[in-house]
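Structure record follows, encoded as structure tokens.
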Amino acid sequence: MKKLIFSLFIAAASFSAAAQDPTRTTLHLIGDSTMSIKPNLYYPERGWGMALPGFMSQELEILNHAANGRSTKRFIDEGRWGKALSEMKEGDYVLIQFGHNDQKKEDPARYASAEKDYPAYLHRYIKDVRDKGATPMIASSICRRYFEENGDVRYTMTDYVNAAREVAKEENVTFFDMNKFTCDYLQEAGDEATVKFFLRIPPGIYTRYPDGKSDDTHLNTLGAAWVAQFFIKDLKAKGHPLAKYVYRETL
């Protein structure tokens, strides 16, 4: 199983970064580090968008534009959104998932308030996608693996999840509640059983982290596949047009 997952990630990394094929429908992934490609496959962090091609037929092209540390605001301000738009064509699909970095009030380059700026940016993304003749979709941020002392999951994204859901409703676009799927699973499975999905680096392996690292936001290889499966299953449950490209639901 581990060899299968790793081989899928090798293929997915190159496939997700490939140039667009004008003869195929393309799914564009727009988001942050929890979704993005990690070019160094010797480092264990993975974005769930890297795992997605392993579940989908190659009749669907997947372009992963997501980038570490980006918010709805920063992704636009840096020109990444303009570049992604230039690669979209009529009939494509665009999945937009931000929130983790939009929360960071201490960083004006990234902060977008849940009450005003974040929904405004989402409305802009949706309009721009529709202007290209493509179909926008919204996903809420995945759950951080934080547990209270009583064993309950701490919901750290509620305002942004609610804002994303409301924008999707207002704009009549498909909403994938990845936060609910992942938080519900963490709650049911519990603290100890879910460590395996998140980034854990023992001391003495990487010079950048001589004392090791414990990260409950970012995913490892297994965690990326775990999250991707929630998206795949919801595609099928919704009867979404992209569901016809699914050729496996589990690894």
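Residues 42 to 292 (our numbering) are what the sequence shown spells out, left to right.
Every residue, glycine too, gets a C-beta built ideally from N, C-alpha and C.
Values in this document were obtained by computation on a predicted structure and should not be read as measured data.
| Query | Result |
| --- | --- |
| Residues that Gln138 bridges to, as DSSP identifies them | Gly72 |
| Identity of the residue in Glu128, Leu101, Glu102 and Pro85 nearest Thr75 by Cα | Pro85 |
| Tyr134 to Ala269 span [Cα, whole Å] | 17 angstroms |
| Member of Phe222, Gln144 and Thr262 whose CA lies at the smallest distance from the CA of Arg241 | Thr262 |
| Status (buried if at least 16 other CB within 10 Å, exposed otherwise) for Pro177 | buried |
| Touch test, the region 203 to 211 against the region 112 to 126, Cβ-Cβ under 8 angstroms, three pairs minimum | no |
| Extent of the continuous beta strand (DSSP E) to which Ser255 belongs | Lys254 to Leu260 |
| Three-state class that DSSP yields for Ile179 in the structure shown | strand |
| Sequence-distant residues of its chain with Cβ nearer than 7 angstroms to Tyr201 (five each side left out) | Gly140, Asp143, Gln144, Ala155, Tyr159 and Ser182 |
| Assigned secondary structure, Asn235 (DSSP; H/G/I helix, E/B strand, else coil) | Going by the sequence as given, residue 235 is Thr instead of Asn. Helix. |
| Nearest-angstrom Cα separation, counted from Met129 out to Leu260 | 28 angstroms |
| Counted within 10 angstroms of its Cβ, other Cβ atoms place Ile103 as buried (16 or more) or exposed | buried |
| Classification of Leu82 by the beta-carbon crowding that lies within 10 angstroms, buried from 16 upward | exposed |
| Contact set for Arg65: own chain, Cβ-Cβ below 6 angstroms, skip 5 residues either direction | Glu102 |
| Span separating the alpha-carbon of Phe217 from that of Ala180 | 5 angstroms |
| Rounded C-alpha distance that separates Ser55 from Ala161 | Bear in mind that a pLDDT of 42 at Ser55, under 50, signals an unreliable position, so the number given afterwards is only what the model happens to contain. Their Cα atoms are separated by approximately 33 angstroms. |
| Euclidean distance between Cα positions of Ser127 and Ala278 | 31 angstroms |
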